[in-house]
Amino acid sequence: MELLIKQLEELISPNEWFVTNLSNASALLMDAIDDLSWVGFYMMRAGELVLGPFQGKIACTHIKVGKGACGVCVQGDQTILIEDVTTFPGYIACDAEAKSEIVVPLHDEEGKVIAVLDVDSNSLGRFGDKEQELFEALGKVLEKSLWSEKADV
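Take the position in the sequence shown, starting the count at 1, then add 850; the result is the number in our numbering.
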């Protein structure tokens, strides 16, 4: 866990455009963590989530706050961990093969949710407490790359 966090810290540059940072971050996570089918970001824009950089199959492009795992994450400002997506009320199936998901809110300096890190797996129960701790720690690193671009997010 610590090695991956260090790698992400080295990869993220405050001098780079946030899209560049998030693109490389999604590639790093997809490559470094086993059994993932999708890693990406949705950004808050005009009151809804809009697809940002990602690795994996094509994805939903707009998600309303309060809808699906990503929208519920924003609405409640808390990590959503789903062991079996078929049990999540209102789940949005962007990829019919996805079986489990974790979504982590990303905040600006004032604590407002401005994006989410969304990670899927084609395996049931892929994410647990250990993965939640990891992705939340990675989220803290990623938040810093968004702060300078807050007005454009």
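The C-beta atom is built at its ideal place from N, Cα and C for all residues, glycine as well. None of these values were measured; they are calculated from a predicted model.
What's the call for residue i, buried or exposed, on a 16-neighbour Cβ count within 10 Å?
i: Asp1002; result: Low local confidence applies: a pLDDT of 47 at Asp1002 is under 50, so the model's placement there is unreliable, with the coordinate-based value given in what follows. By the 10 Å Cβ count, Asp1002 comes out exposed.
i: Glu959; result: exposed
i: Glu852; result: exposed
i: Asp968; result: buried
i: Gly902; result: buried
i: Asp934; result: exposed
i: Gly918; result: buried
i: Asp970; result: buried
i: Glu951; result: buried
Shortest alpha-carbon distance to residue i belongs to which of the options?
i: Asp945; options: Met851, Val889, Ile855 and Asp881; result: Val889
i: Asn972; options: Leu956, Gly918, Lys994 and Gly906; result: Gly906
i: Leu974; options: Val963, Val966, Ile964 and Phe938; result: Phe938
Under 9 Å between the Cβ atoms of residue i and residue j?
i: Cys920; j: Ile930; result: yes
i: Val869; j: Leu899; result: no
i: Phe891; j: Val966; result: yes
Measuring only the C-alpha atoms, how far is residue i from residue j?
i: Asp881; j: Ala875; result: 10 Å
i: Met893; j: Val991; result: 16 Å
i: Val922; j: Arg895; result: 16 Å
i: Val954; j: Trp997; result: 16 Å
i: Ala948; j: Thr936; result: 10 Å
i: Gly897; j: Gly916; result: 11 Å
i: Glu981; j: Ala987; result: 10 Å
i: Asp884; j: Gly961; result: 31 Å
i: Gly978; j: Lys994; result: 25 Å
i: Leu858; j: Gln928; result: 22 Å
i: His957; j: Gly989; result: 9 Å
i: Ser887; j: Ser873; result: 16 Å
i: Lys914; j: Glu983; result: 26 Å
i: Arg976; j: Phe904; result: 19 Å
i: Cys910; j: Leu854; result: 28 Å
i: Leu879; j: Ile908; result: 17 Å
i: Lys856; j: His912; result: 32 Å
Flag this pair as touching only if the region 863-870 and the region 938-953 have three or more C-beta atom pairs under 8 Å; answer yes or no.
Taking 8 Å as the limit for Cβ pairs, the verdict is that the region 938-953 does not touch the region 863-870.
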